[in-house]
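Count along the sequence shown starting at 1, add 2, and that's the number in this note's numbering.
Inspection log for the structure reproduced underneath, given as structure tokens.
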Amino acid sequence: MTTLDGDQISAAAAASIPDNAFNQWGDDFIQSMETPYGGSEYCERAETLVKDVKILLREMHTGDVDLIEQLEMVDALQCLGIDRYFDAEIKATLDCAYRSWDTSVGIRLGSKNVTRDMNATALGLRLLRLHRYDVSADVLESFKDKNGQFFTEDNNYNNTGEECVMRSMLNLLRASSVAFFGETVMKEVKVFSSAYLKNLSENSADMYRRSFLKEVEYALIYEWPRTFTRWEARNFIEIYELDDLRLKDKRILELAKLDFNILQFTYKMEMKYLSRWWANSGLSKLIATRERTIEYFLWGVSSTDEVKFSSSRITVAKVSTLATIMDDLFDDYATFEQLKLIKEAVVQGWDVSIVKNIPQSFKMCLEFVFQTVHELIDEANKIQGHDMMQFITKAWADYIEANLEQARWKTSGYIPTYNEYLNTATTSAAIGPILLHTILLAVPISGDDAIKKTFLNKSRFYELIWMCIRLIDDTRDFEDERRHGETASAISCYMRDHLECSEAEALNHITNLIEELHKELTWEYLNPNNALLDWEKICFNFNRGLQFIYIFGDGITYSHKEVKHQVFKVFVDPVDI
Numbered sequence: 003m004t005t006l007d008g009d010q011i012s013a014a015a016a017a018s019i020p021d022n023a024f025n026q027w028g029d030d031f032i033q034s035m036e037t038p039y040g041g042s043e044y045c046e047r048a049e050t051l052v053k054d055v056k057i058l059l060r061e062m063h064t065g066d067v068d069l070i071e072q073l074e075m076v077d078a079l080q081c082l083g084i085d086r087y088f089d090a091e092i093k094a095t096l097d098c099a100y101r102s103w104d105t106s107v108g109i110r111l112g113s114k115n116v117t118r119d120m121n122a123t124a125l126g127l128r129l130l131r132l133h134r135y136d137v138s139a140d141v142l143e144s145f146k147d148k149n150g151q152f153f154t155e156d157n158n159y160n161n162t163g164e165e166c167v168m169r170s171m172l173n174l175l176r177a178s179s180v181a182f183f184g185e186t187v188m189k190e191v192k193v194f195s196s197a198y199l200k201n202l203s204e205n206s207a208d209m210y211r212r213s214f215l216k217e218v219e220y221a222l223i224y225e226w227p228r229t230f231t232r233w234e235a236r237n238f239i240e241i242y243e244l245d246d247l248r249l250k251d252k253r254i255l256e257l258a259k260l261d262f263n264i265l266q267f268t269y270k271m272e273m274k275y276l277s278r279w280w281a282n283s284g285l286s287k288l289i290a291t292r293e294r295t296i297e298y299f300l301w302g303v304s305s306t307d308e309v310k311f312s313s314s315r316i317t318v319a320k321v322s323t324l325a326t327i328m329d330d331l332f333d334d335y336a337t338f339e340q341l342k343l344i345k346e347a348v349v350q351g352w353d354v355s356i357v358k359n360i361p362q363s364f365k366m367c368l369e370f371v372f373q374t375v376h377e378l379i380d381e382a383n384k385i386q387g388h389d390m391m392q393f394i395t396k397a398w399a400d401y402i403e404a405n406l407e408q409a410r411w412k413t414s415g416y417i418p419t420y421n422e423y424l425n426t427a428t429t430s431a432a433i434g435p436i437l438l439h440t441i442l443l444a445v446p447i448s449g450d451d452a453i454k455k456t457f458l459n460k461s462r463f464y465e466l467i468w469m470c471i472r473l474i475d476d477t478r479d480f481e482d483e484r485r486h487g488e489t490a491s492a493i494s495c496y497m498r499d500h501l502e503c504s505e506a507e508a509l510n511h512i513t514n515l516i517e518e519l520h521k522e523l524t525w526e527y528l529n530p531n532n533a534l535l536d537w538e539k540i541c542f543n544f545n546r547g548l549q550f551i552y553i554f555g556d557g558i559t560y561s562h563k564e565v566k567h568q569v570f571k572v573f574v575d576p577v578d579i
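In structure tokens, the structure reads:
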């Protein structure tokens, strides 16, 4: 780590940052985005459709409609991202399903409710869990044959048609995505159903409806812990368009399309603000840094997609951008002494004058970061009703201290133990500052003790979120980091503790660990005895969003690939109506 003067700062950093790490989204393009869906006529039409669909749902619930059809309707509303309009109607259906739940075989169908049904049970299990009803996955054991295999068309217990078997397999796979830690049957379900569906999609592409195959493809890639509402809505709008028989009323799909486009209008306005905020900073002309404000905004929308949370998702983008600037400064520009001074400057009231003997461009970057943090603190103070400075300062100071420790490792070539690494690396990932700023601008939090107990002291819920984010990041970019001189990662530290372990085995271990941590986190989130608050739900979805961005690799650094396509689908291209 060396100190650079003057114009050297940009040239040296540029060598360590990939060419494709620079801005994929020009401000001129962002400012040119237009859409008519902010108009009152679209909002009024959506309100009318909501009323119409409410009537339809109530008629289904009180009429002679099979429970499986009602559950499929609830599933459709959730997949299309419009379930928030129908909380009461959905609860009525799920209450009915829960009353009908048989702890031995799940959901029974038929005129006298005597026929056990794997499809209805798998669908019901997932929907009931997502709404925190207490249902056990053990019911799935009853759908195995004498050899311990799940029923298929070759050994089906009631000679159900082939299409129903395929739908059952799909719902089994989707149910496995809400598995809790220690549920062996859910692991078996995932292995069996995914193998069945992969074989189906690879070898039978011409035999089944395109909509079903597209749904299978989505489920195989985007498990529930690794997707978010707007992305799912866009994909399922396309799926339901391919099969207009799936929805009983065309007004449901019309509402989903309008809702998607109306929300997209809001996101476009927010993107314009963020793009101009970054352009006006002028930092891209001062230092070579990863410019990812729009990609971070995608992360923000994955956490908080409703209109009322505008400040929170904008804050995710802003603070993530600030953390990236700081990370690049730490990696490429600052000495140990300067890092210590930066931490002191933060602790001493965000006073940049404490950091001496740095190039003007370095100083201007720090001034921008400090000024933006002050602005966000002022916003948080207004929402919370009292001063949040101490909490925010501690989160940033801890983040800088963790980076200082990692700088020591890098310089000395030291590889810490796995536990030592995680204790530091979960903090150096900047999850603390990003999440804290975000939730403080979302909703008022009752009492400082709630922040201290559950956030700053990292309850198990938050510890799991931090670990999942840190570990997925390491599995995606440890090779890049190694090329840039970083010796410590979850993979290398695990190998240090297990000398007989190869890199491939260590990577596989960490990947499996993430899977198990997600199951524990899902339990913490969906536990029927936990009454989670809005800001805790935001934190849970915050992790889901990053897992989504990292599905195909480091989607932040290499955002010119899949993430660019995702940004277009969620933010740029409206749905055809």
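Glycine included, every Cβ here is placed at the ideal spot set by N, Cα and C.
Neighbour-count burial assignment, Pro38, 16 or more Cβ in a 10 Å radius
For this step, residue 38 is matched to residue 36 along the sequence shown. When all chains shown are included, Pro38 counts as exposed.
Status (buried if at least 16 other CB within 10 Å, exposed otherwise) for His486:
Reading the sequence shown from its first residue, position 484 is the one you call residue 486. Answer is exposed; the Cβ neighbour count stays below 16.
Segment limits, alpha helix (DSSP H) that includes Met62
Here residue 62 corresponds to residue number 60 of the sequence shown, with the count starting at 1. Residues 42-64.
Short check: CB of Trp301 to CB of Ile441, under 7 angstroms?
Translated into the one-based positions of the sequence shown, residue 301 becomes position 299. Translated into the one-based positions of the sequence shown, residue 441 becomes position 439. No, the pair does not count as a contact, with Cβ atoms beyond the cut-off.
To the nearest angstrom, how far is it from the Cα of Phe573 to the Cα of Glu297?
In the sequence shown, residue 573 corresponds to position 571, counting from 1. In the sequence shown, residue 297 corresponds to position 295, counting from 1. Distance between the alpha carbons of Phe573 and Glu297: 11 angstroms.
Just to confirm my understanding: we take Leu496, look at its own chain, exclude 5 residues before and 5 after, and list those with CB closer than 8 angstroms. What are they?
Working through the sequence shown from its first residue, we reach residue 496 at position 494. Looking at the sequence itself, residue 496 is Tyr, so the reference to Leu does not match. Cβ within range, chain order: Tyr420, Cys503, Ala508, His511, Ile512.
In this structure, how does DSSP classify Gly108 when only helix, strand and coil are distinguished?
Within the sequence shown, numbered from 1, the residue matching residue 108 stands at position 106. In this structure, Gly108 counts as strand in the three-state DSSP scheme.
Use the C-beta contact count for Glu272: other C-beta atoms within 10 angstroms, 16 or more gives buried, fewer gives exposed.
Your numbering for residue 272 matches position 270 in the sequence shown. The residue is buried, with at least 16 neighbouring Cβ atoms inside 10 Å.
Indicate the three-state DSSP secondary structure (helix, strand or coil) for Lys358 in the structure shown.
Against the sequence shown, residue 358 aligns to sequence position 356. In the structure shown, Lys358 sits in coil (DSSP, three-state: anything other than H, G, I, E or B).
Contact the segment 167-178 vs the segment 186-202: 3+ CB pairs below 8 angstroms:
yes
Buried or exposed: which applies to Thr413, given that a residue is buried once 16 or more other Cβ atoms fall within 10 Å of its Cβ?
Within the sequence shown, numbered from 1, the residue matching residue 413 stands at position 411. Exposed, since its Cβ has fewer than 16 Cβ neighbours within 10 Å.
Three-state secondary structure (DSSP) at Lys454?
Residue numbering aside, residue 454 sits at position 452 when the sequence shown is read from its first letter. Reduced to three states, the DSSP call for Lys454 is helix.
Under 8 angstroms, with one C-beta from each stretch per pair, do the segment 281-292 and the segment 53-73 reach the 3-pair mark?
no
Would you mind sorting Ile516 into buried or exposed? The rule is 16 or more other CB atoms within 10 Å of its CB.
Stepping through the sequence shown from its first residue, residue 516 is reached at position 514. Buried, because 16 or more other Cβ atoms sit within 10 Å of the Cβ of Ile516.
To test your reading of the DSSP string, which unbroken alpha helix (DSSP H) runs of 4 or more residues are found completely within the segment 236-292?
252-283
Report back the beta-carbon spacing between Ser277 and Ile241 to the nearest angstrom; my notes put them in contact at under 8 angstroms.
On the sequence shown, residue 277 is found 275 positions in, with the first residue counted as 1. On the sequence shown, residue 241 is found 239 positions in, with the first residue counted as 1. Incorrect: roughly 31 angstroms between the Cβ atoms, too far for contact.
Measure how close the beta-carbons of Leu580 and Glu256 come, nearest whole angstrom, since I'm counting them as under 8 angstroms.
The structure shown does not extend to residue 580, since the chain is modelled only from 3 to 579, so the question has no answer here.
Spatial neighbours of Phe183 in its chain, beta-carbon cut-off 7 angstroms, leaving aside the 5 residues before and after:
Looking up residue 183 in the sequence shown gives position 181. Same-chain partners within the cutoff: Glu518, Lys521, Glu522, Trp525.
Smallest Cα separation from Glu564: which of Asp575, Glu61, Val577, Phe550?
Position 562 of the sequence shown, counting from 1, holds the residue named residue 564. With distances taken between Cα atoms, Glu564 lies closest to Phe550.
Close beta carbons around Asn157, own chain, < 6 angstroms, minus the five adjacent residues each side
Taking the sequence shown and counting its residues from 1, one reaches residue 157 at position 155. In this prediction, Asn157 scores a pLDDT of 43, lower than 50, which makes its location untrustworthy; no coordinate-derived value is stated.
With Glu403 as the anchor, note down where its alpha helix (DSSP H) starts and where it stops.
Position 401 of the sequence shown, counted from the start, is the residue given in the question as residue 403. Where Glu403 is concerned, the enclosing alpha helix (DSSP H) stretches over 391-414.
Please list, in chain order, all residues of the same chain as Leu343 whose beta carbon is under 6 angstroms from its beta carbon, the five residues on each side excluded.
Looking up residue 343 in the sequence shown gives position 341. Contacts found: Ile356, Val357.
Considering only the alpha carbon of each residue, which of Thr429, Asp104, Ala99, Tyr135 lies closest to Tyr527?
Looking up residue 527 in the sequence shown gives position 525. Closest by alpha carbon: Tyr135.
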